[in-house]
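Asks: Counting the sequence shown from 1 gives a position; the numbering used here is that position plus 2.
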Amino acid sequence: MEVLSDILAPFSDEIAKFAGSVTCLQFLSGIFLLNDIRKKGSSDAYPPDPFIGGVVLTILSLKLGTIMGDDAMIKVNVIGFAINVVFMVVFYWYASGPFKSKIWSKIGIAATFTMGCLAYANFEDPAKIEFRFGMLITAILVILVGMPLLSLGEIIEKKSTEGLPFPLILSGTVVAAAWAAYGISIRNEVVTYQNLFLLLLSSIQLSLFAIYPNTPSNSTNKKVSPPYNKLKSDSPSKSKVDKKRD
Numbered sequence: 003m004e005v006l007s008d009i010l011a012p013f014s015d016e017i018a019k020f021a022g023s024v025t026c027l028q029f030l031s032g033i034f035l036l037n038d039i040r041k042k043g044s045s046d047a048y049p050p051d052p053f054i055g056g057v058v059l060t061i062l063s064l065k066l067g068t069i070m071g072d073d074a075m076i077k078v079n080v081i082g083f084a085i086n087v088v089f090m091v092v093f094y095w096y097a098s099g100p101f102k103s104k105i106w107s108k109i110g111i112a113a114t115f116t117m118g119c120l121a122y123a124n125f126e127d128p129a130k131i132e133f134r135f136g137m138l139i140t141a142i143l144v145i146l147v148g149m150p151l152l153s154l155g156e157i158i159e160k161k162s163t164e165g166l167p168f169p170l171i172l173s174g175t176v177v178a179a180a181w182a183a184y185g186i187s188i189r190n191e192v193v194t195y196q197n198l199f200l201l202l203l204s205s206i207q208l209s210l211f212a213i214y215p216n217t218p219s220n221s222t223n224k225k226v227s228p229p230y231n232k233l234k235s236d237s238p239s240k241s242k243v244d245k246k247r248d
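1. Which same chain residues, not among the five before or five after residue 90, have their C-beta less than 6 Å away from its C-beta?
2. Flag this pair as yes or no: are the beta carbons of residue 57 and residue 79 separated by less than 8 Å?
3. When the distance is taken between beta carbons, is residue 31 closer than 8 Å to residue 173?
4. On the DSSP letters alone, give me the boundaries of the alpha helix (DSSP H) that residue 167 sits inside.
5. Within 10 Å of its beta-carbon, does residue 152 have 16 or more other beta-carbons around it, so buried, or fewer, so exposed?
6. If the criterion is Cβ atoms closer than 8 Å, does the pair residue 170 and residue 182 meet it?
7. Is it buried or exposed, residue 150, if we count other Cβ atoms within 10 angstroms and call 16 or more buried?
8. Of all the options 100, 110, 125 and 28, which has the alpha carbon lying nearest to the alpha carbon of residue 82?
9. For residue 7, report the span of its alpha helix (DSSP H) as first-last.
10. So, is residue 137 buried or exposed, given that buried needs 16 or more other C-beta atoms within 10 angstroms?
11. Under 8 Å: do the stretch 95-109 and the stretch 156-163 share three or more Cβ pairs, one atom per stretch?
12. Taking contact to mean at least 3 C-beta pairs separated by less than 8 Å, is the stretch 58-67 in contact with the stretch 114-124?
13. Helix, strand or coil for residue 44, going by three-state DSSP, please let me know.
14. Could you check if residue 181 belongs to the surroundings of the ligand MN, using beta carbon to heavy atom distance under 7 Å?
15. Compute the beta-carbon to beta-carbon distance between residue 184 and residue 14, rounded to the nearest angstrom, for a pair I have assumed lies under 8 Å.
16. What three-state label does DSSP hand residue 97 in the structure shown?
17. Who are the Cβ neighbours of residue 98 in its own chain at under 8 Å, not counting the five residues just before and after it?
In structure tokens:
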């Protein structure tokens with residue numbers, strides 16, 4: 003790891019810019035979901051969790067960036083926070099009355115959790131806060147990123163990756179790799195190991211697309227027709243009508 007750090011250290015600023023750019027592009031991937039919602043005219047069929055989670059994660063990551071004094075993390079998460087807030091407002095705009103109440107309840111839970119984490123960060127020992135707060139964010143990210151793996155048994159049974167968000171998983175893999183490289187370049191263990199673990203999870207999910215197709219397997223739907231069904235009434239195999247005898 004030290005050798006790799008020595009190699010990447012001179013390029014840490016360039017790596018930070020690349021990591022920030024791909025992260026912002028990943029934030030903007032929510033546009034595709036919002037476009038589907040716009041076409042349907044309602045967001046009731048979609049969970050608000052990705053956008054609420056995005057707001058929470060960017061706030062916590064922004065706090066971690068300020069603790070570390072890392073300008074790259076601060077800039078990226080300020081942009082990410084603004085994007086996720088706008089997306090959340092649009093999502094809420096297309097929600098029906100009853101669904102808006104559910105959204106508010108989730109926002110309340112998320113806000114309480116976020117304020118609790120920020121309060122903890124202010125009271126924790128300054129010598130330990132960077133590592134512990136980083137591990138807290140890592141745990142949240144692992145839950146979110148590893149969520150699709152809960153359906154691994156179903157994927158293997160169906161022999162299909164239908165339902166897995168390939169663009170999101172691919173972009174997540176690139177983002178994790180970029181931030182892991184940045185963490186190595188600045189010799190920060192929290193950023194490095196956090197993103198290496200996320201890279202591992204994303205790579206496992208990405209490998210499923212190389213093993214199974216993204217379309218439903220037809221093997222279970224095909225029915226073998228009995229041999230006798232292939233015989234038609236005019237089949238040559240049928241005996242001809244006997245000629246009448248004189």
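Heads up, the beta-carbon is just placed ideally off N, CA and C, and yes, glycines get one too. Model, not experiment: these values are computed from the prediction.
Replies: So, to answer that:
1. Within the same chain, Cβ atoms closer than 6 Å to the Cβ of residue 90 are found at 53, the five residues on either side in sequence being excluded.
2. no
3. yes
4. Here residue 167 belongs to no alpha helix (DSSP H), and DSSP marks it neither H nor E.
5. Around the beta carbon of residue 152, fewer than 16 other beta carbons sit within 10 angstroms, so the residue counts as exposed.
6. no
7. With a 10 Å radius around the Cβ and a threshold of 16 neighbouring Cβ atoms, residue 150 comes out buried.
8. 28
9. 4-10
10. exposed
11. no
12. Yes: at least three Cβ pairs fall under 8 Å.
13. Of the three classes helix, strand and coil, the one that applies to residue 44 here is coil, per DSSP.
14. Within the structure as shown, the ligand MN is missing, as the structure has no ligands at all.
15. A Cβ-Cβ distance of about 7 Å is found for the pair residue 184 and residue 14, placing them in contact under the 8 Å criterion.
16. In the three-state reduction of the DSSP assignment, residue 97 falls in the coil class, being assigned neither a helical nor a strand state.
17. 44 and 46
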